[in-house]
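Numbering (the UniProt record's numbering), first residue to last: 1 to 343.
Every residue, glycine too, gets a C-beta built ideally from N, C-alpha and C.
The structure displayed is predicted, hence computed values, not measured ones.
Listed below in structure tokens is the structure:
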């Protein structure tokens with residue numbers, strides 16, 4: 001296992017490894033699953049991709065810094081790609097302003113190449129779309145995703161999995177707009193592509209089941225939605241490290257679905273599972289952690305477990321205060337909830 005990547009005083013990169021047993025099933029599963037996705041090419045780039053997939057973002061950034069330092073100034077294509085990767089790391093860390101700046105730098109270089117079939121540019125457009133979805137600017141998000149879709153549909157060398165990813169991303173924008181029927185339509189376009197490209201237990205297949213399930217729950221189809229969400233959870237628990245944030249995300253979605261049908265015991269069970277994962281993540285997302293504590297606290301209040309509800313409400317407020325990007329509305333909501341429990 002890679003457990004540390006750092007530069008020493010001589011400006012030499014040092015990678016510290018920890019030996020693992022051949023019987024380490026987690027490593028075996030991850031190796032088999034990710035080897036194909038990462039493919040061939042520069043070994044440092046492959047290590048960076050691996051670290052991103054494992055949510056080891058500080059290590060990923062270190063590898064891409066190594067890669068950047070190895071590229072000549074006139075290799076614009078490679079340097080633009082690396083900027084895009086830096087941007088994606090910042091995006092995954094919730095540092096959206098930094099991500100946007102890096103994506104814009106990459107996009108400016110790639111668009112200047114005047115290659116309308118540039119698949120790297122399609123990736124940057126997709127990443128811009130994901131970022132604007134997070135920033136609740138659905139018009140810009142949809143515009144960038146459709147630019148990516150246009151390139152991928154008109155390039156004979158496009159990766160089928162990337163096309164599926166674009167359909168999924170467009171579905172996410174419609175999801176953001178609460179147009180759940182259109183969202184479900186795009187998710188269902190993506191699912192057969194993913195099941196064709198990947199094994200049944202692949203995390204991306206889990207992502208589609210998660211998104212389909214969430215859309216179905218939003219349309220009032222709680223039972224079938226829960227079935228798809230539970231499929232997503234099982235796949236993620238098989239294929240990802242036990243502290244991966246995607247496991248927490250789907251547990252939260254299952255908790256929300258049970259809350260929607262007033263099954264509070266099961267809702268609490270899955271919120272608690274999400275909290276366990278979120279607290280053990282390599283990079284704790286305090287905004288997400290705060291929201292999970294808040295949801296669990298409300299369920300505990302409904303179950304008349306006042307002391308624990310109060311404890312979780314305090315943890316929600318403390319977590320949002322520790323966030324690198326605190327949402328003012330969320331912070332105010334969490335504090336109001338805490339004050340109600342105190343009265």
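What would DSSP say about residue i, mapped onto helix, strand or coil?
{"i": "residue 200", "result": "coil"}
{"i": "residue 177", "result": "coil"}
{"i": "residue 120", "result": "helix"}
{"i": "residue 261", "result": "coil"}
{"i": "residue 104", "result": "helix"}
{"i": "residue 71", "result": "coil"}
{"i": "residue 283", "result": "coil"}
{"i": "residue 251", "result": "helix"}
{"i": "residue 128", "result": "helix"}
{"i": "residue 58", "result": "helix"}
{"i": "residue 66", "result": "helix"}
{"i": "residue 219", "result": "coil"}
{"i": "residue 185", "result": "helix"}
{"i": "residue 172", "result": "helix"}
Should residue i go down as buried or exposed, given a rule of 16 or more other Cβ atoms within 10 Å for buried?
{"i": "residue 52", "result": "buried"}
{"i": "residue 159", "result": "exposed"}
{"i": "residue 109", "result": "buried"}
{"i": "residue 328", "result": "exposed"}
{"i": "residue 90", "result": "buried"}
{"i": "residue 107", "result": "buried"}
{"i": "residue 45", "result": "buried"}
{"i": "residue 114", "result": "exposed"}
{"i": "residue 306", "result": "exposed"}
{"i": "residue 247", "result": "buried"}
{"i": "residue 280", "result": "exposed"}
{"i": "residue 253", "result": "buried"}
Residue i to residue j, Cα distance in whole Å?
{"i": "residue 243", "j": "residue 220", "result": "30 Å"}
{"i": "residue 313", "j": "residue 274", "result": "16 Å"}
{"i": "residue 42", "j": "residue 70", "result": "11 Å"}
{"i": "residue 95", "j": "residue 118", "result": "27 Å"}
{"i": "residue 264", "j": "residue 87", "result": "39 Å"}
{"i": "residue 234", "j": "residue 195", "result": "16 Å"}
{"i": "residue 308", "j": "residue 298", "result": "10 Å"}
{"i": "residue 66", "j": "residue 80", "result": "15 Å"}
{"i": "residue 310", "j": "residue 169", "result": "37 Å"}
{"i": "residue 151", "j": "residue 137", "result": "22 Å"}
{"i": "residue 238", "j": "residue 76", "result": "39 Å"}
{"i": "residue 296", "j": "residue 135", "result": "25 Å"}
{"i": "residue 130", "j": "residue 74", "result": "29 Å"}
{"i": "residue 161", "j": "residue 192", "result": "10 Å"}
{"i": "residue 302", "j": "residue 292", "result": "16 Å"}
{"i": "residue 232", "j": "residue 217", "result": "14 Å"}
{"i": "residue 326", "j": "residue 334", "result": "12 Å"}
{"i": "residue 203", "j": "residue 343", "result": "44 Å"}
{"i": "residue 62", "j": "residue 54", "result": "14 Å"}
Starting from residue i, follow the alpha helix (DSSP H) in both directions and report where the run begins and ends.
{"i": "residue 145", "result": "138-153"}
{"i": "residue 225", "result": "222-239"}
{"i": "residue 50", "result": "43-53"}
{"i": "residue 319", "result": "306-322"}
{"i": "residue 87", "result": "76-92"}
{"i": "residue 338", "result": "328-342"}
Please report the Cβ distance between residue i and residue j, rounded to the nearest whole angstrom; I am assuming they are in contact, meaning their Cβ atoms lie under 8 Å.
{"i": "residue 354", "j": "residue 206", "result": "Absent from the structure is residue 354, since the part of the chain shown begins at 1 and ends at 343."}
{"i": "residue 255", "j": "residue 211", "result": "Actually they do not touch by this definition, with Cβ atoms about 16 Å apart."}
{"i": "residue 209", "j": "residue 228", "result": "5 Å"}
{"i": "residue 165", "j": "residue 126", "result": "7 Å"}
{"i": "residue 290", "j": "residue 261", "result": "So it is not a contact: roughly 25 Å between Cβ atoms."}
{"i": "residue 132", "j": "residue 141", "result": "4 Å"}
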